[in-house]
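In terms of full-length UniProt numbering, the sequence shown is numbered consecutively and its last residue is 188. Heads up, the thing below is written out as structure tokens.
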Amino acid sequence: MDLQELLGEELYNQVVEKAGENKLAVISDGNWIPKDKFNDKLEDIKNLKEQITSRDNQLEDLKKVDAEALQQRIQDLQEENSNTKTEYEDKLQKQSFDYALKDALTGAKVRNPKAAKALLDLESIKLDGDKLLGLDAQLNTIKESDPYLFEEEKPSDPTPQIVAGGNPQGGSAGGNDDPFAAKLAKYN
């Protein structure tokens with residue numbers, strides 16, 4: 001038995017009219033709930049329906065995606081990254097080789113490093129750590145064939161010894177040689 005049957009039609013309409021905006025009758029079990037609670041539940045239901053619709057659309061979009069195309073794209077990107085890494089490592093190795101070669105040519109006292117580098121067989125020179133393998137033999141060959149490319153090694157002249165005259169011990173040799181001291185002695 002619900003609330004309408006208990007109260008009768010006329011009394012039930014009066015109660016509903018008096019309750020107005022404040023309350024809403026739930027007819028299935030005869031209970032009354034506040035209207036704001038009812039509206040909150042309706043809003044929750046509406047939001048949940050929107051979420052279900054959104055998820056359904058996302059699932060449909062995922063069904064349309066070609067998995068093979070994605071796998072191919074991933075493979076292409078991995079290959080591109082690998083190539084970029086290899087190019088970068090090659091560039092770094094070439095740069096290290098060039099710096100080591102420049103330092104070695106400077107150490108060998110080459111007057112014109114560009115000209116000497118042009119005469120070298122760079123393919124047979126290998127960089128091993130900080131050393132260039134095969135460079136010394138080629139530099140010796142170039143020194144014999146084109147000695148003008150290298151600075152001549154001159155034996156260093158011995159540094160002359162400059163000795164000041166006078167008494168190296170700093171003592172006087174029997175006389176007063178300091179003219180300032182002699183004049184100062186006159187005034188004392």
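Beta carbons: idealized from backbone N, C-alpha and C, even for Gly.
- Message: Assuming LYS126 is part of the beta strand (DSSP E), what are its boundary residues?
- Response: Residue mapping note: residue 126 aligns to position 126 of the sequence shown, counting from 1. That run of the beta strand (DSSP E) goes 126 to 128.
- For PHE150, write down the residues that DSSP places opposite it in a beta bridge. Within the sequence shown, the letter at position 150 stands for residue 150. Secondary-structure assignment with DSSP links PHE150 through a beta bridge to VAL110.
- Item | Rounded C-alpha distance that separates LEU122 from GLY134 | The residue you call residue 122 lines up with position 122 of the sequence shown. The residue you call residue 134 lines up with position 134 of the sequence shown. Taking the straight line from one Cα to the other gives about 9 Å.
- Message: Quick check on the DSSP output: the beta strand (DSSP E) that includes LEU133 runs from which residue to which?
- Response: By one-based count along the sequence shown, residue 133 stands at place 133. Boundaries of the beta strand (DSSP E) harbouring LEU133: 131 to 133, taken from the DSSP string.
- Message: Taking a contact to mean a Cβ-Cβ separation below 8 Å, would you say VAL15 touches LEU7 in this structure?
- Response: Taking the first residue of the sequence shown as position 1, residue 15 is located at position 15. Taking the first residue of the sequence shown as position 1, residue 7 is located at position 7. Yes.
- Task: Spell out a yes or no on whether the stretch 177 to 187 and the stretch 135 to 153 are touching, meaning 3 or more CB-CB pairs, one atom from each, closer than 8 Å.
- Result: The stretch 177 to 187 is not in contact with the stretch 135 to 153.
- Item | With 16 other Cβ atoms within 10 Å as the buried cut-off, status of LEU149 | For the purposes of this step, residue 149 is identified with residue 149 of the sequence shown, where counting begins at 1. Flag for LEU149 reads buried.
- Item | LEU101 vs LYS117 beta-carbon contact at 8 Å | As a first step, residue 101 is located in the sequence shown; it is residue number 101 there, counting from the start. As a first step, residue 117 is located in the sequence shown; it is residue number 117 there, counting from the start. Yes, the Cβ-Cβ distance between LEU101 and LYS117 is below 8 Å.
- Query: Can LEU105 and PRO113 be called in contact, C-beta distance under 8 Å?
  - Reply: The residue labelled residue 105 in the question sits at position 105 within the sequence shown. The residue labelled residue 113 in the question sits at position 113 within the sequence shown. It is a contact, given that the beta carbons lie within the stated cut-off.
- Item | Cut-off 7 Å between Cβ atoms - residues of its own chain near LYS143, not counting five sequence neighbours on either side | By 1-based counting over the sequence shown, the position of residue 143 is 143. Correct list, in chain order: PHE150.
- Message: What does the alpha-carbon distance come out to for the pair ILE162 and GLU152?
- Response: Here residue 162 refers to the residue found at position 162 of the sequence shown. Here residue 152 refers to the residue found at position 152 of the sequence shown. Cα atoms of ILE162 and GLU152: separation of roughly 28 Å, rounded to the nearest angstrom.
- Item | Entirely enclosed alpha helix (DSSP H) segments - the stretch 29 to 95, minimum 4 residues | Fully enclosed alpha helix (DSSP H) runs of no fewer than 4 residues occupy 35 to 64 of the stretch 29 to 95, in order along the chain.
- Item | For PRO179, three-class secondary structure by DSSP | Numbered from its first residue, the sequence shown carries residue 179 at position 179. Residue state, collapsed to three classes: helix.
- For LEU62, does the count of other Cβ atoms within 10 angstroms reach 16, so buried, or fall short, so exposed? Here the question's residue 62 lines up with position 62 in the sequence shown. Exposed.
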